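Read through the structure below, which is laid out as structure tokens, and then see the notes.
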Amino acid sequence: MTLRRTALAGALVVVAAAAPLGASDPRVEVVLAGSPLAGTLALPSGSGLRPPAPDVAPVPSQPADLPRRTTPGTRATRSGTARPSEAVRRGQAALASLDWPWQELYFDVEFAPYRGRFLGLTDAGTRTITVFVRREQPEGDLRTTIAHELGHALDAVTGTPEMRAAYLRLRGIDPATPWYPCDRCDDLRSPAGDFAETFARWLVGPAYARRTLAPPPDTEQLEALDYFFRPLSERQA
């Protein structure tokens, strides 16, 4: 997994790139652009939400500094008359099976056939998630990939410095660790990747979980992290 920086008009792009089919440890590439993301994606607090866990800032349900969408949904093709592909049908079924109201994030979710490079892409600039479905991909692995990308979207929406600092403490990660690390570094060895993958483990279970920066969370730690992962609607006062 690698990190690389590119000038893409300040948008955050998170790309999960697949290893060869059957590999147990897919690779993830994160592309960062613009100014440091701790400033770019910092969200205002005091939005009328229920008081959160200790030392965690309240989280707005739809931040003002991200493009707004009023009708998030899944998109199969560019044409409304075209028949959805197998990749789209499988992806939509897997997404529907996840017991989490992803529409609250105001991201669109798209599915496309796998072309040998990426498993998924989350773009906070356009508020779009694209998941690339492998033909032989097990259902559990597909659900975990979708959940991982939803974790990145959740982080983009709720990731205040206070939230991230509290997450690092609970996961036992050095608080000096940059949320998005150096160029050409391992996404799943970064706090951002750890957050996304731990969210996927919390939502889907450990069967297809990938490695994380900190040791894999046990049941007790997942319970402690519940606030970070629960739907935004459950945080309302």
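The opening residue of the sequence shown carries number 7 in the numbering used here; numbering runs sequentially from there.
The beta-carbon is built from N, C-alpha and C at its ideal position, and this holds for glycine as well.
Treat the numbers as computed from the prediction; the structure is a model and nothing was measured.
Contact annotation: residue 207 and residue 215 have beta-carbon atoms nearer than 7 Å.
Sorting 151, 109, 183 and 177 by C-alpha distance to the C-alpha of residue 120 places 151 at the top.
The three-state reading of DSSP puts residue 240 in helix, counting H, G and I together. C-alpha of residue 193 to C-alpha of residue 200: approximately 8 Å in a straight line. Assignment of residue 114 by DSSP, reduced to helix, strand and coil, places it in the strand class.
In this chain, residue 225 is not harboured by any beta strand (DSSP E); it is covered by the alpha helix (DSSP H) spanning 225-230. Residue pairing by DSSP places residue 137 opposite 117 and 126 in a beta bridge. Comparing C-alpha distances from residue 158 to each of 130, 230, 226 and 172 shows the shortest one belongs to 130.
At a cut-off of 4 residues, the continuous stretches assigned as alpha helix (DSSP H) that sit fully inside the region 134-182 are 145-164 and 167-177.
Secondary structure note for residue 211: it is in no alpha helix (DSSP H), with a DSSP letter that is neither H nor E. In the structure shown, the three-state DSSP call for residue 204 is helix. Contact check for residue 135 against residue 117 fails: the beta carbons are separated by 7 Å or more. Under a 10 Å Cβ-count criterion, residue 128 is classified as buried, with 16 or more other Cβ atoms of the shown protein chains found around its own Cβ. The region 164-173 makes no contact with the region 217-226, as fewer than three CB pairs between them are under 8 Å. Between residue 111 and residue 160 the beta-carbon gap is near 6 Å, inside 8 Å, which marks them as a contact.
Excluding its 5 nearest sequence neighbours in each direction, residue 103 has C-beta neighbours in its own chain below 8 Å: 149, listed in chain order. Sequence-distant Cβ neighbours of residue 213 in its own chain, meaning closer than 7 Å and more than five residues away, are 146. For residue 97, the uninterrupted alpha helix (DSSP H) run begins and ends at 92-102, by DSSP.
In this structure, residue 137 lies away from residue 122, with their beta-carbon atoms at least 7 Å apart. Nearest to residue 106 by alpha-carbon distance, out of 98, 209, 181 and 94, is 209. Our two residues, residue 175 and residue 236, have alpha carbons roughly 18 Å apart in a direct line. Inclusion of residue 93 and residue 139 in the CB contact set at 7 Å is warranted, their separation being smaller than that value.
Collapsing the DSSP output to three states places residue 195 in a helix.
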